[in-house]
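Residue numbers (the working numbering): 1 to 158.
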């Protein structure tokens with residue numbers, strides 16, 4: 001997951017051609033799905049808005065592809081599905097807030113400084129996750145050792 005956050009941050013900053021390549025491949029599928037969205041327009045009722053949202057769920061998006069890579073990396077269908085569900089639920093409040101304040105957000109999103117700041121933040125979170133994953137003892141608390149003896153947090157208590 002941390003590696004995919006770093007790739008996502010690089011993508012937002014404009015340094016990840018791999019994500020753009022994957023996104024382009026998804027665009028091929030989107031061209032076949034997109035015409036189905038027209039029957040839900042205008043989205044003037046809850047059922048039509050829901051249908052449009054279901055179709056737009058297939059829209060190529062680098063952030064979704066980064067989450068999909070992380071879900072695939074779990075190598076477990078249940079964990080992957082939970083990760084994608086968490087990603088969806090985690091992005092929902094932000095998407096609703098962006099929709100409510102679209103004009104301001106669009107102006108900020110065009111700012112190179114804002115994109116760079118967001119990219120640095122995301123890469124930093126990913127790097128912290130990688131350090132935490134590779135150096136678990138450095139981040140262990142005494143409470144975790146008592147709760148989970150034999151875990152990576154308590155290597156001496158096997």
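Glycine included, each C-beta is placed from N, C-alpha and C at the ideal position. Keep in mind the model is a prediction, meaning the values are calculated, not measured.
What are the uninterrupted segments assigned as alpha helix (DSSP H) that are 4 or more residues long and contained completely in the segment 26 to 67, given in chain order?
Qualifying alpha helix (DSSP H) stretches, in chain order: 46 to 56.
Could you tell me how far apart the beta carbons of residue 71 and residue 59 are, in whole angstroms, since I believe they sit closer than 8 Å?
At roughly 18 Å, the Cβ-Cβ gap does not stay under 8 Å, so residue 71 and residue 59 are not in contact.
So residue 74 is in the alpha helix (DSSP H); what residue range does that whole segment cover?
Run containing residue 74: none; DSSP gives neither H nor E here.
Would residue 123 and residue 9 qualify as a contact pair, given that the criterion is a beta-carbon distance under 9 Å?
Cβ atoms of residue 123 and residue 9: closer than 9 Å.
Let me know if residue 12 comes out buried or exposed under the rule of 16 or more other beta-carbons within 10 Å of its beta-carbon.
When all chains shown are included, residue 12 counts as buried.
Helix, strand or coil for residue 103? Go by DSSP, reduced to three states.
DSSP places residue 103 in helix when its eight states are reduced to three.
Please state if the CB of residue 29 and the CB of residue 40 are separated by a distance shorter than 9 Å.
Cβ atoms of residue 40 and residue 29: not closer than 9 Å.
Can you name, in chain order, every residue of its own chain whose Cβ lies under 8 Å from the Cβ of residue 36, other than the five neighbours on each side?
These residues qualify, in order along the chain: 55.
Within 10 angstroms of its Cβ, does residue 65 collect 16 or more other Cβ (buried), or is it exposed?
Buried, since its Cβ has 16 or more Cβ neighbours within 10 Å.
Quick one: using the 10 Å Cβ neighbour count with 16 as the cut-off for buried, is residue 6 buried or exposed?
Flag for residue 6 reads buried.
For my contact list, residue 3 and residue 126 are in at a C-beta cut-off of 8 Å; report their separation, rounded to the angstrom.
Sure, about 7 Å apart at Cβ, within 8 Å.
Give the DSSP-derived three-state secondary structure of residue 87 in the structure shown.
Three-state DSSP puts residue 87 in a helix.
What distance in whole Å lies between the Cβ atoms of residue 119 and residue 87, which are believed to be in contact at a cut-off of 8 Å?
So it is not a contact: roughly 18 Å between Cβ atoms.
CB-CB under 7 Å to residue 105, same chain, minus the five flanking residues each way: which ones, in chain order?
These residues qualify, in order along the chain: 98.
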